[in-house]
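J.: Sharing a structure below in structure tokens format, with a few things to ask.
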Amino acid sequence: MSFSSYSTVVWVDDPFFIKRQRVQMACSFCRQRKIKCDGRNPCANCKKYSNACTYVKVERQPRNNKPSSRNGNDNENNDIASTQKTDKPL
1 MSFSSYSTVV
11 WVDDPFFIKR
21 QRVQMACSFC
31 RQRKIKCDGR
41 NPCANCKKYS
51 NACTYVKVER
61 QPRNNKPSSR
71 NGNDNENNDI
81 ASTQKTDKPL
């Protein structure tokens with residue numbers, strides 16, 4: 001399987017500043033060990049540890065598109081209102 005997710009280098013006006021872009025997908029070995037993958041086939045880590053370099057597409061969970069409150073006060077207001085409606089004092 002061939003992937004074109006190599007890390008690229010972007011030069012900026014400052015000659016000492018190099019910004020690396022993220023790799024689209026890490027190999028299974030790097031993902032499991034939670035280490036940086038260079039996106040090549042085989043990647044540098046798999047070469048170093050003599051491991052078979054395999055890429056498996058991971059399905060991402062869909063995002064929750066429910067609108068949220070601006071500062072999270074909706075739940076606080078509901079909690080206060082429910083406590084004020086009690087008949088018996090504590």
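Yeah, the sequence shown ends on 90 if you go by the UniProt record's numbering, and it's all consecutive. Glycine residues also receive a C-beta, built at the ideal position from the N, C-alpha and C atoms.
#1: Within 10 Å of its beta-carbon, does tyrosine 55 have 16 or more other beta-carbons around it, so buried, or fewer, so exposed?
#2: Looking at the ligand ATP, does it come within less than 7 Å of lysine 57, judged from the CB to the closest heavy atom?
#3: Which of helix, strand or coil does DSSP assign to glutamine 21?
#4: When we look at the beta-carbon of alanine 26 and count the other beta-carbons within 10 Å, is it buried (16 or more) or exposed?
T.: In short, the structure shows the following:
#1: Its Cβ being crowded by 16 or more others within 10 Å, tyrosine 55 is buried.
#2: In the structure on display, the ligand ATP does not appear, and there are no ligands present to speak of.
#3: Residue state, collapsed to three classes: coil.
#4: Classification of alanine 26: buried, given that the 10 Å Cβ count is 16 or more.
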